[in-house]
């Protein structure tokens with residue numbers, strides 16, 4: 045295809061289009077593709093940002109998986125944040141409940157967002173959350189406290205060599221950017 | 415175009431308004447040399463601080479600004495523009511074209527560079543200091559925790575990206591449309607080939623870099639969360655985007671260097687280049703592979719094993735076309751009537767040291783081993799072997815090789831040889847010990863270090879001062895040659911040199927090949 049009779053202008057027009065396309069490629073391909081791949085493959089220990097619709101399944105009582113919980117504050121987040129229990133023994137396929145505590149020691153209302161990460165990252169796609177406080181932002185009044193629920197199922201198809209799964213939450217202060225733009229994760 | 419030949423305009427306006435490829439090439443070369451000295455000065459501060467353990471001269475924050483600016487200035491200010499300058503000077507003369515395809519855009523490509531670097535350097539004087547997050551500017555260091563001057567940094571990157579893209583489009587348009595009749599693609603000198611491929615890489619990845627810094631800008635100022643986990647983004651995404659640009663970028667730096675060496679080694683071996691066609695295909699193969707190996711810079715971010723393996727094997731594959739090139743250069747010298755003038759010395763220095771850098775690169779490509787090497791001085795040693803002994807040595811060789819052609823005057827050969835040996839020895843004293851401290855675990859980008867690394871660091875610093883000082887000798891030699899060098903009467907200058915540029919008088923007239931030259935049946939390479 046020729047864009048111009050003048051071969052030089054033709055070359056320039058094509059190459060200009062390539063560079064514009066590559067700029068757009070970053071935004072419209074690389075970013076969404078990265079997020080889709082991470083969600084689908086559990087890369088980086090990312091768990092799904094949406095509640096898992098549980099399918100009825102057998103509970104595999106022949107093995108127990110140790111699930112550990114870690115709660116971390118990002119940066120200078122002042123909240124107290126901790127899991128009720130630091131670890132549980134669960135059977136694959138069974139639904140489990142636990143809660144995390146959060147307390148806002150400041151005088152001001154704040155909003156927090158918890159970001160999950162699963163280790164080993166290979167386990168992320170087998171770790172299903174049917175309910176999680178990390179799906180939404182968590183507002184707390186000054187000096188407020190909350191128990192934040194977590195329900196999860198470890199998939200029966202979890203590879204046999206994974207005996208321990210560590211679920212880590214990092215709590216971010218999103219008060220200043222609290223708006224619709226912040227995706228609920 | 416009139417029939418009369420006219421010379422350059424006089425005074426400052428000649429340089430401001432010039433559309434002449436030789437003038438623009440000259441400006442690129444001088445600008446990049448100035449940036450080389452500036453980046454070198456930053457490196458001297460780094461090495462002075464690291465001369466002894468403990469905090470000696472500068473604050474840690476300032477040290478980080480120095481490592482950052484050293485990298486940025488050397489990569490974007492010294493190496494890249496110097497090869498663009500070389501391309502401007504040589505490509506039209508090598509393919510028998512009267513000038514670049516887009517002379518006015520050529521003027522712009524150059525003249526937006528100095529303001530960009532002025533802006534980048536001015537961040538040193540700003541409140542909060544210059545960018546201090548390393549030349550790779552990983553988020554969130556470069557977003558959440560960046561100094562306010564980061565916005566100027568982003569704008570500077572945008573400008574020099576635009577400059578590079580315009581320069582590349584110009585080179586591609588020139589090579590594709592302005593070759594003299596009979597100058598088929600497979601007759602082009604290898605320097606033209608490597609630059610053609612480099613220019614395609616630039617057009618493909620400089621916009622990616624622009625995208626990365628635009629996302630940073632939006633995260634910092636417009637409340638988006640591309641790289642912020644709190645808002646649903648991911649800092650690791652930054653690394654993927656950066657290295658998707660960054661890995662082709664390192665070949666953008668080294669491919670023109672391959673081209674230079676492929677011109678010089680045959681000239682001083684008095685033999686045609688061995689395996690011309692395989693050199694072209696190897697260059698193209700390296701360029702292709704550069705797009706699928708980026709994550710070998712980020713083995714430690716927590717990739718799936720399958721990913722680590724893919725990037726490991728793909729990276730190792732690059733050793734094959736690179737090995738073809740090294741083999742061809744060595745074979746070109748085999749049984750040649752070799753002489754060892756300064757350009758040849760730098761080319762052989764390139765060959766030896768670049769190969770060492772290639773081997774350490776192969777070591778780093780092994781994913782399980784990389785966990786030990788990652789972010790240590792071993793990496794620093796590796797990329798200085800390929801960037802300095804690779805790109806800078808070849809650039810130095812190119813200056814010595816073509817300076818008599820450009821200026822019609824010869825440099826001082828003895829001084830050139832002294833420059834080579836002092837550079838070669840200084841370089842190795844600087845960077846060879848860094849392999850050892852790196853393997854022993856010394857992290858990069860730190861202003862202080864454990865006592866066990868003290869001796870090797872002192873060696874490194876002494877070597878760096880020697881290497882740095884030897885570049886002043888180079889500057890003197892070039893200026894002395896231009897001002898009062900012995901006049902060159904021969905068009906060929908070097909008796910083994912082949913190619914169209916050597917058919918022109920030395921110095922070439924302001925306008926050359928206004929009527930296309932006749933291409934002989936004998937290939938010009």
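Chains as they are written, first to last, in the working numbering: chain V, 45 to 229; chain G, 415 to 939. Note that CB positions come from ideal geometry on N, CA and C, so glycine has one too.
Rounded C-alpha distance that separates residue i from residue j
i: residue 494/G; j: residue 634/G; result: 28 Å
i: residue 699/G; j: residue 735/G; result: 7 Å
i: residue 224/V; j: residue 776/G; result: Residue placement at residue 224/V is flagged as unreliable, the pLDDT there being 45, under the threshold of 50; a coordinate-derived value is accordingly withheld.
i: residue 571/G; j: residue 543/G; result: 17 Å
i: residue 57/V; j: residue 433/G; result: 21 Å
i: residue 87/V; j: residue 107/V; result: 25 Å
i: residue 465/G; j: residue 713/G; result: 31 Å
i: residue 189/V; j: residue 774/G; result: 55 Å
i: residue 647/G; j: residue 169/V; result: 19 Å
i: residue 47/V; j: residue 562/G; result: 44 Å
i: residue 415/G; j: residue 427/G; result: Any reading at residue 415/G needs caution, since the residue's pLDDT is 42, under 50, leaving its predicted position unreliable; the model's value is listed next. Straight-line Cα distance between these residues: approximately 20 Å.
i: residue 641/G; j: residue 650/G; result: 8 Å
i: residue 175/V; j: residue 208/V; result: 21 Å
i: residue 128/V; j: residue 193/V; result: 10 Å
i: residue 151/V; j: residue 644/G; result: 22 Å
Where residue i falls: helix, strand or coil (DSSP)
i: residue 924/G; result: coil
i: residue 670/G; result: helix
i: residue 110/V; result: strand
i: residue 51/V; result: helix
i: residue 61/V; result: helix
i: residue 189/V; result: strand
i: residue 227/V; result: Here residue 227/V scores only 41 on pLDDT, less than 50, and its place in the model should not be relied on; the value that follows carries that caveat. Coil.
i: residue 417/G; result: Reliability of the predicted coordinates at residue 417/G is poor, the pLDDT of 46 falling under 50, and the value obtained from them is presented with this limitation in mind. In the structure shown, residue 417/G sits in coil (DSSP, three-state: anything other than H, G, I, E or B).
i: residue 728/G; result: helix
i: residue 248/V; result: Nothing about residue 248/V can be read from this structure; chain V reaches only from 45 to 229.
i: residue 879/G; result: helix
i: residue 813/G; result: helix
i: residue 424/G; result: coil
i: residue 511/G; result: coil
i: residue 442/G; result: helix
i: residue 166/V; result: helix
i: residue 538/G; result: helix
i: residue 578/G; result: helix
Candidates the options: closest to residue i by CA position
i: residue 787/G; options: 435/G, 853/G, 881/G, 687/G; result: 853/G
i: residue 505/G; options: 430/G, 602/G, 874/G; result: 602/G
i: residue 891/G; options: 826/G, 572/G, 558/G; result: 826/G
i: residue 195/V; options: 208/V, 167/V, 179/V; result: 179/V
i: residue 160/V; options: 63/V, 82/V, 67/V, 46/V; result: 82/V
i: residue 498/G; options: 516/G, 613/G, 861/G, 929/G; result: 613/G
i: residue 142/V; options: 76/V, 149/V, 105/V, 211/V; result: 211/V
i: residue 146/V; options: 53/V, 121/V, 71/V; result: 121/V
i: residue 694/G; options: 532/G, 608/G, 837/G, 531/G; result: 608/G
i: residue 805/G; options: 430/G, 490/G, 468/G, 467/G; result: 490/G
i: residue 519/G; options: 564/G, 595/G, 577/G; result: 577/G
i: residue 166/V; options: 467/G, 452/G, 875/G, 718/G; result: 718/G
i: residue 859/G; options: 424/G, 476/G, 453/G; result: 476/G
i: residue 921/G; options: 447/G, 450/G, 503/G, 887/G; result: 503/G
i: residue 671/G; options: 808/G, 843/G, 874/G, 930/G; result: 808/G
i: residue 886/G; options: 463/G, 867/G, 600/G, 452/G; result: 452/G
i: residue 535/G; options: 523/G, 565/G, 514/G, 517/G; result: 565/G
i: residue 581/G; options: 907/G, 912/G, 454/G, 516/G; result: 516/G
i: residue 668/G; options: 771/G, 421/G, 721/G; result: 771/G
Close-in-space but distant-in-sequence residues of the same chain around residue i (CB under 8 Å, 5 per side omitted)
i: residue 218/V; result: 155, 156, 157, 181, 226
i: residue 117/V; result: 123, 125, 214, 215
i: residue 621/G; result: 575, 579
Same chain, Cβ closer than 6 Å to residue i, five either side skipped, listed in chain order
i: residue 687/G; result: 676, 680, 746, 939
i: residue 457/G; result: 484
i: residue 185/V; result: 153
i: residue 500/G; result: 812
i: residue 573/G; result: 526, 530
Supposed contact pair residue j and residue i - C-beta distance, whole angstroms, cut 8 Å
i: residue 617/G; j: residue 606/G; result: Rounded, the Cβ-Cβ distance is 17 Å, inconsistent with contact.
i: residue 173/V; j: residue 78/V; result: Not really, about 21 Å apart at Cβ, beyond 8 Å.
i: residue 134/V; j: residue 114/V; result: That belief does not hold up - the Cβ atoms of residue 134/V and residue 114/V are roughly 16 Å apart, past 8 Å.
i: residue 652/G; j: residue 626/G; result: 7 Å
Contacting residues, own chain, Cβ-Cβ under 7 Å from residue i (five flanking each side not counted)
i: residue 857/G; result: 789, 790
i: residue 919/G; result: 905
i: residue 823/G; result: 895, 896, 899, 900, 901, 902
Select from the segment 207-222 of chain V all residues with a C-beta closer than 8 Å to any C-beta belonging to chain C, and list them in chain order. Absence of chain C from the displayed structure is noted, the protein chains being V and G.
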